[in-house]
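Read through the structure below, which is laid out as structure tokens, and then see the notes.
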Amino acid sequence: MEHTLHQERRDFLRKVSLSAGGLLLGFTLFEDLAAQSGKGHVIEGVRHDFNSYLSIGTDGSITIASPNPELGQNIKTSFAMIVADELDADWSRVTVVQAPLDTSKFDRQLTGGSGAVPHSWKRLRTAGATARQMLIAAAATTWNVPASACTAENGFVIHKASGKKSSYGDLVTIAAKLNVPTDVPLKNHKDFKLIGKPIRNVENKNIVIGKPMFGLDFYRDGMVYAVIQRPPAFGSKIKSVDDKAARAVKGVSDVVRFGNNVAVVASSTWAAMKGRKALQINYEADKALESSSDHADIFSKLMDSPNARIQRKEGDVNAAFKAAAKVIKREYECPFVPHNPIEPMNFFADVRPDKVELIGPTQTPGSARRAVSDLLKIPENKITVDITRLGGGFGRRLKFDYVVEAAEISSIIKKPVKVIWSREDDMGGGSYRPAVRYRFEAALDANNNLIGYKLKGVGINAGNPTRENNFPSGSVDNLLIESLDHNSPITTGAWRAPITNFLAYAEQAFLDEVAEAMGKDPVQMRLDLLQKARTNPAGPVRYDIERMETVIKSVAEKSQWGKKPGTSQGISIYFSHASYVGQVCDVVMQDGKPVIKKITSVADCGVVVNSSGAQQQVMGGILDGMGHAMYGKLSFNAGEPEQKNFNVYKHIRMKGIPEVEAHFVDNGKDPTGLGEPALPPAGGAVANAIYKATGKRLYRQPFVEQEPFKSAE
Amino acid sequence: MPVYSLNINGKIQKVDADSDTPLLWVLRDNLRLLGTKFGCGVGSCGACTIHMNGNATRACLMTVSSIGTAKITTIEGLSAKGDHPLQLAWDEVDVPQCGYCQTGQIMTAAAFLKKNPTPTLEQVETAMNGNLCRCAAYHRIREAVLAASQKTK
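Below, the structure written as structure tokens:
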């Protein structure tokens, strides 16, 4: 039994290794996995391609290609559901394969910005509907009846009048020869059979038995393993390298220096890691070696600097603040945090004079290929990128540093190579959510109307840390939003819900204080501001007032806002990535300590494609947002991160997770993304509920380092 | 390099490896048992959880020379057809997001349920707390462990 499994696995590896170009990795991988699990199919007969997404076999099997990298957002299931629904396919005959990078077939082949479903919604539906219409036409021609008299259902075309019925498999050969129709009508939403249902992840059965599918699971005969020593501190460079001891480690075949990196290449991962440990490298400062205490000073300087960039300006802020009866001014700060996808960075590269193969986990295969093309001066059409499943991303794999490294090493040593990062490599030398400080100011008149609003965001490699057009912009007559950035040697990048993952917390916590100063209920205060934006907008309103109102009212109702004696509640509403999410956090005091009991969420992401997957995105997003707000902090000493593994860096774990209730607004609008939007509101809902329960405002992340948590430890 | 005879999934496997090689890398690089995952290398995430004589153990912390005759079970050996009650529950509850940590989660849960077939919710949380899920699918992991325990009652 074990022997067989092992053999099969080797077959899979060989098949993958033989693939080149086209849709091969995905298809080969799938067919082999299907054969192994005894389910699904190895296609009998012929498969006809209908379009980039869809092919149908003469045996009735449906193969749907999913172009976007899968990292847990469940796109592989959602995309296939959309195609299969319009196709009226039998879902049990559908298999989904990961398409490799193919710019001739797909555009926007990346995972980021919660943009895949909104981008592809019509394309995928059209792909399914077009094939369905062709299958109906094939049946109609065969039966000599009008196409309008035929219907499609669960993998069959039916002519009710005559009782004739034919399977897609039987019709596909004829259908595939027909002209491709244009302007194909799409279903009414009420006719959806899969969309909106809880459909299980198509990879579940493979995941639970440990089938190889992640980048780190890719092996090829003859491949070598590389582990890279990068500078331990941001801002340092190599002074000298002594690799004698490293080369003496058994299994080490090469030590390669490129830029400020030294790669140890070996016949196994462990030998490479041991060799790396034996390297003697001296570093010297190249740029500023920044510590967290420096960042605090930098923030203070930037905050007082007159050189901020104006992001948005309405009315006369100075006059408003001068005339104010009351001014509220608060600062909030968020540290760097690592992405920490659970699968460490890795990539396979085989660089040859005439072609380059890249295989592994990336959120952005197109950019990775471009970068490798630029580096190696090999045209992009000679470079293939196969996308494995990603063990998480959170934005880390939007950067392709590790892809370029693999290509560079392979080009130097002229062997196929897999580059492997350790956890310490990624936490110690990867890329991070930028650290940011915000200053919010609100001016109230004598009647407690919000007459002025200022936000200044200063960041470290954060770009623009504000989102100047988000609420409450549009609802305040006099408004000024500014930003200023410090250029640091520390690498930063997009982190799940970039910027808004901490801006939302700061803003929603501030608005809670403004509501309190106004003497208003935080729910009513937001509704009043939205009413102002509707009736008398101050400049452009870039969010949908009605959708935001609906979410606020709905989350208040679902959470029994203000109707739970003994429970302290905090509310947070945020619009990001085109979705609207409201959350209410319930806190109760137990033994004098605040306990986060529950988070109730209402999301408006338009049509929910997969109700099971959508629940996962919201529940996971909330815990991710809450967990990082509570615990996340990467500090620096002389350019070097001080936390480099999970034993000294805390992520949220199972113990003590609150109950999470995820609701969705059913409005039939075209779907927006859901991988990110549930995360930003969580921190603010928690902070506001903690204040209600304890009277302590939280102005900094991580919360555990602040009162009331600090003294409760 | 020394040759070790390891009892893995009921079969003796001979591997050539340095004595200090973590079992994790022997399983992956030498034996291509790839369901045991690399996450942190310091025993703090649980992605590499295997059973050693029935106990949930971090394969990244065990050197190959320390295994001796211990019986090792990996996810590939947990069930013949991927039909362990936990594996079925994981699908029914639709647990996985990215899926990378899930084999480790299942191995931890399997050893735990063997010792405590009818756990309370709090006991499940304590048992599973060492397994990190970066997607934070914790509600469903907890639900699936409890669902599987109901079935094995």
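Here the protein sequences line up with chains A and B, keeping their order. Sequential numbering of the first sequence, starting at 1, is according to the numbering used here. Sequential numbering of the second sequence, starting at 1001, is according to the numbering used here. In this text, a Cβ means the ideal position worked out from N, Cα and C, and glycines have one as well. No experiment lies behind these values; they were computed from the predicted model shown.
For residue i, return the contacting residues in chain B, with the cut-off set at a CB-CB distance below 8 Å.
i, result
"residue 651 of chain A", "1132, 1134"
"residue 620 of chain A", "1097, 1135, 1136, 1137"
"residue 154 of chain A", "Chain B residues near residue 154 of chain A: none, gap ~22 Å exceeds 8 Å."
"residue 94 of chain A", "Result: empty, since nearest Cβ-Cβ is about 16 Å, beyond 8 Å."
"residue 344 of chain A", "1038, 1039"
"residue 612 of chain A", "1094"
Which chain B residues sit within Cβ distance under 9 Å of residue i?
i, result
"residue 219 of chain A", "1028, 1029, 1032, 1034"
"residue 423 of chain A", "1038, 1039, 1040, 1041, 1042, 1044, 1045"
"residue 72 of chain A", "1096, 1097, 1098, 1099, 1100, 1134, 1135, 1137"
"residue 502 of chain A", "Those within 9 Å of residue 502 of chain A in chain B number zero; the least Cβ separation is about 18 Å."
"residue 216 of chain A", "1028, 1034, 1037, 1038, 1100"
Using the beta-carbon of each residue, which ones in chain B are nearer than 7 Å to residue i?
i, result
"residue 623 of chain A", "1136, 1138"
"residue 392 of chain A", "1098, 1100, 1134, 1135"
"residue 341 of chain A", "1134"
"residue 201 of chain A", "1094, 1096"
"residue 262 of chain A", "Correct list: empty, because the minimum Cβ distance to chain B is about 20 Å."
"residue 363 of chain A", "Per Cβ cutoff of 7 Å: no residues; residue 363 of chain A is ~12 Å from chain B at best."
"residue 536 of chain A", "Correct list: empty, because the minimum Cβ distance to chain B is about 42 Å."
Taking C-alpha atoms, which residue in the options lies nearest to residue i?
i, options, result
"residue 645 of chain A", "A:338, A:121, A:175, A:152", "A:338"
"residue 955 of chain B", "B:1127, B:1106, B:1096", "Because chain B here runs from 1001 to 1153, residue 955 of chain B falls outside it and cannot be looked at."
"residue 502 of chain A", "A:392, A:523, A:380, A:628", "A:628"
"residue 320 of chain A", "A:260, A:268, A:442, A:311", "A:442"
"residue 1002 of chain B", "B:1018, B:1026, B:1038, B:1072", "B:1018"
"residue 1038 of chain B", "B:1049, B:1030, B:1031", "B:1049"
"residue 82 of chain A", "A:121, A:47, A:113", "A:121"
"residue 283 of chain A", "A:639, A:671, A:201, A:674", "A:639"
"residue 1010 of chain B", "B:1146, B:1137, B:1052", "B:1052"
"residue 125 of chain A", "A:53, A:164, A:589", "A:53"
"residue 675 of chain A", "A:592, A:392, A:270, A:411", "A:392"
"residue 376 of chain A", "A:341, A:412, A:343", "A:412"
Using a Cβ cut-off of 7 Å, pull out every chain A residue sitting near residue i, in sequence order please.
i, result
"residue 1129 of chain B", "653, 654, 655"
"residue 1126 of chain B", "655"
"residue 1087 of chain B", "208, 209"
"residue 1075 of chain B", "209, 210"
Taking Cβ positions, are residue i and residue j nearer each other than 8 Å?
i, j, result
"residue 630 of chain A", "residue 581 of chain A", "no"
"residue 238 of chain A", "residue 195 of chain A", "no"
"residue 371 of chain A", "residue 404 of chain A", "yes"
"residue 1099 of chain B", "residue 203 of chain A", "yes"
"residue 619 of chain A", "residue 662 of chain A", "yes"
"residue 607 of chain A", "residue 669 of chain A", "yes"
"residue 552 of chain A", "residue 1102 of chain B", "no"
"residue 482 of chain A", "residue 309 of chain A", "yes"
"residue 632 of chain A", "residue 540 of chain A", "no"
"residue 623 of chain A", "residue 596 of chain A", "no"
"residue 635 of chain A", "residue 292 of chain A", "yes"
"residue 1157 of chain B", "residue 1058 of chain B", "Because chain B here runs from 1001 to 1153, residue 1157 of chain B falls outside it and cannot be looked at."
"residue 183 of chain A", "residue 314 of chain A", "no"
Give the interface partners of residue i over in chain A, defined as CB-CB distance under 9 Å, in chain order.
i, result
"residue 1015 of chain B", "Simply none; closest approach about 11 Å."
"residue 1103 of chain B", "207, 208, 209, 210"
"residue 1050 of chain B", "Simply none; closest approach about 11 Å."
"residue 1022 of chain B", "270"
Taking C-beta pairs closer than 8 Å, name the residues in chain A that residue i reaches, listed in chain order.
i, result
"residue 1082 of chain B", "37, 205, 208, 209"
List the residues of chain D that residue i touches, going by C-beta distances under 9 Å, in chain order.
i, result
"residue 1142 of chain B", "In the structure shown, chain D does not exist; the protein chains are A and B."
Original post:
What runs of the beta strand (DSSP E), each 3 residues or longer, lie entirely inside the stretch 161 to 240 of chain A?
Top reply: 164 to 167, 224 to 229
**OP:** Run through the stretch 529 to 576 of chain A for me and flag every whole alpha helix (DSSP H) of 4 or more residues, listed as ranges in chain order.
**Re:** 545 to 558
Original post:
Between the stretch 456 to 474 of chain A and the stretch 675 to 695 of chain A, do at least 3 Cβ pairs fall closer than 8 Å?
Top reply: no
**OP:** Check whether the stretch 113 to 123 of chain A touches the stretch 156 to 168 of chain A, counting contact only when three or more Cβ pairs, one atom from each stretch, lie closer than 8 Å.
**Re:** no
Original post:
Taking one C-beta from the stretch 248 to 267 of chain A and one from the stretch 224 to 240 of chain A each time, how about it: are there three or more such pairs within less than 8 Å?
Top reply: yes
Original post:
How do the stretch 142 to 149 of chain A and the stretch 49 to 68 of chain A stand: do at least 3 beta-carbon pairs fall below 8 Å, yes or no?
Top reply: no
Original post:
Using 8 Å as the Cβ pair cut-off and three pairs as the minimum, do the stretch 342 to 350 of chain A and the stretch 410 to 420 of chain A touch?
Top reply: yes
**OP:** Please determine if the stretch 1117 to 1133 of chain B and the stretch 94 to 105 of chain A are in contact, where contact requires at least 3 C-beta pairs separated by less than 8 Å.
**Re:** no
Original post:
Considering only residues of the stretch 242 to 272 of chain A, which uninterrupted beta strand (DSSP E) runs meet the minimum length of 3 residues and lie entirely inside it, listed in chain order?
Top reply: 252 to 258, 261 to 266
Original post:
Within the chosen definition, does the stretch 438 to 458 of chain A reach the stretch 505 to 524 of chain A through at least 3 CB pairs nearer than 8 Å?
Top reply: yes
Original post:
Is the stretch 350 to 366 of chain A close to the stretch 389 to 400 of chain A, with three or more CB pairs under 8 Å?
Top reply: yes
Subject >> alpha helix (DSSP H) runs contained entirely in the stretch 337 to 406 of chain A, provided each spans 4 or more residues >> reply: 365 to 376
Original post:
Hey, is the stretch 586 to 603 of chain A in contact with the stretch 243 to 252 of chain A, meaning 3+ C-beta pairs nearer than 8 Å?
Top reply: no
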